[in-house]
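Our numbering numbers the first residue of the sequence shown as 18 and each following residue consecutively. Positions of the beta carbon are idealized from the N, C-alpha and C atoms, including for glycine. All values reported here derive from a predicted model rather than from experimental measurement.
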Amino acid sequence: MTHPTNRPFLAWFRELLPRNQQAALDRYLAATIQEAFAVPGCPLCYLLAQKERRSLESLLWEQVNDPMTAERLAAARGFCWEHTWALVPAGAAVHSHLGVAILLERVLRDAYRSSHTPQSLERWLVPEEPCPICKWLAAAEETLLWTTAELARHDPGLLLEQVGVLCRPHATALAHLAPALPWAAWETRVAHTRPRWSHLERLAHDAGRRPWYLPQPATLPECCPHCLAAPPQRDRSWDWFLHQREPYAEGAALEPCLGHAGGEDFLRFRAALAELLDDLAAFIAAADYRFRGELTQGQRSSWLRAIARLVGTVPSAGVHERGRPSRV
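Take a look at the structure:
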């Protein structure tokens with residue numbers, strides 16, 4: 018048996034179970050996966066996108082003031098690039114971006130207090146924990162793959178005859194888990210149907226699910242100039258981002274994101290970050306029923322500027338993406 022440190026814990030643990038327990042499936046999850054295969058597209062991408070949205074909406078609705086959530090986000094330096102930008106539609110879904118402002122104000126204030134020099138900022142930019150949403154989704158994805166493998170072992174037609182077709186990344190992961198499944202027939206099916214797919218369907222098949230939200234520099238109140246000049250890379254977020262990338266809008270403010278602040282006038286960078294924190298504090302205070310007055314345009318857009326300042330506007334600028342090798 019492969020040493021457990023070299024394998025996903027869940028796969029190793031299942032090998033230790035009695036055979037009758039290994040074969041047991043969560044009936045509700047199995048039925049959910051089978052239903053997802055009846056919908057066009059990758060069924061696992063579809064289910065993961067649903068979980069991602071529920072997780073973010075629940076976090077903004079129920080956990081903004083939870084101390085454990087605050088600790089996790091402090092250790093993770095917030096979320097990854099993809100899930101930080103996903104706060105835009107998640108906030109819209111719960112009809113308020115107040116929770117976004119509260120969560121990101123804490124993270125940015127921690128960065129401000131911890132980063133008095135470019136060197137200390139660079140140390141802060143190394144997360145101690147993974148993005149919490151990515152962590153939850155990775156566990157869910159492993160369970161989905163294992164359950165799909167068991168279903169397909171009993172009924173190979175799940176992969177070959179249903180409307181839904183696994184994307185290439187999920188098919189590759191499933192093939193590692195269950196190499197005996199009819200993968201040659203699956204490849205033949207994909208080759209036969211691919212010419213009928215639209216460009217977006219091909220992109221979804223090759224790259225995987227589309228991020229919930231992708232920033233459009235032309236519509237943002239501020240952009241990082243270094244992000245605008247960043248060379249493109251290859252991964253799922255970049256593939257989708259490049260598909261819909263629009264030019265920068267002339268006249269928008271140019272402020273370096275945290276990931277690109279090391280080469281800037283650092284005193285000016287800290288002053289701009291302090292100003293953003295003041296605007297966030299005003300935006301949060303305006304939610305109090307005792308608030309009197311009117312917010313400035315900068316204060317009203319502070320939650321969106323906080324997203325751009327924290328992770329930048331390209332997928333390689335976020336805390337969790339800096340230094341990650343590009344996919345070849």
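Check, Outcome
"C-alpha gap between Gln179 and Ala47, whole angstroms", "15 Å"
"Other residues of its chain near Gln80: CB distance less than 6 Å, five sequence neighbours each side excluded", "Thr86"
"Pro106 versus Glu338 - alpha carbon distance", "21 Å"
"Close-in-space but distant-in-sequence residues of the same chain around Cys4 (CB under 7 Å, 5 per side omitted)", "It is not possible to answer for residue 4, since the shown part of the chain is limited to 18 through 345."
"Where Leu321 sits in the DSSP three-state scheme", "helix"
"Inter-residue spacing [alpha-carbon to alpha-carbon] between Leu115 and Tyr306", "14 Å"
"Strand pairing of Glu239, partner residues [DSSP]", "Ala270"
"The region 127-142 contacting the region 276-286, beta-carbon criterion three pairs below 8 Å", "yes"
"Status (buried if at least 16 other CB within 10 Å, exposed otherwise) for Val143", "exposed"
"Closest by C-alpha distance to Gly174, when choosing among Trp200, Pro186, Ile150 and Trp153", "Trp200"
"Identity of the residue in Ala128, Ala103, Leu275 and Trp229 nearest Pro242 by Cα", "Leu275"
"Leu198, buried or exposed, once every other Cβ within 10 Å from all chains shown has been counted against 16", "buried"
"Within the region 144-187, ranges of the alpha helix (DSSP H) (whole runs, at least 4 residues)", "149-171 and 174-177"
"Under 8 Å between C-beta atoms of Leu65 and Glu158", "yes"
"Sub-8 Å separation of Asp1 and Leu220 beta-carbons", "Outside the shown range of the chain, which is 18 to 345, sits residue 1, and nothing can be said about it."
"Status (buried if at least 16 other CB within 10 Å, exposed otherwise) for Ala92", "exposed"
"Secondary structure of Phe300, DSSP reduced to three states", "helix"
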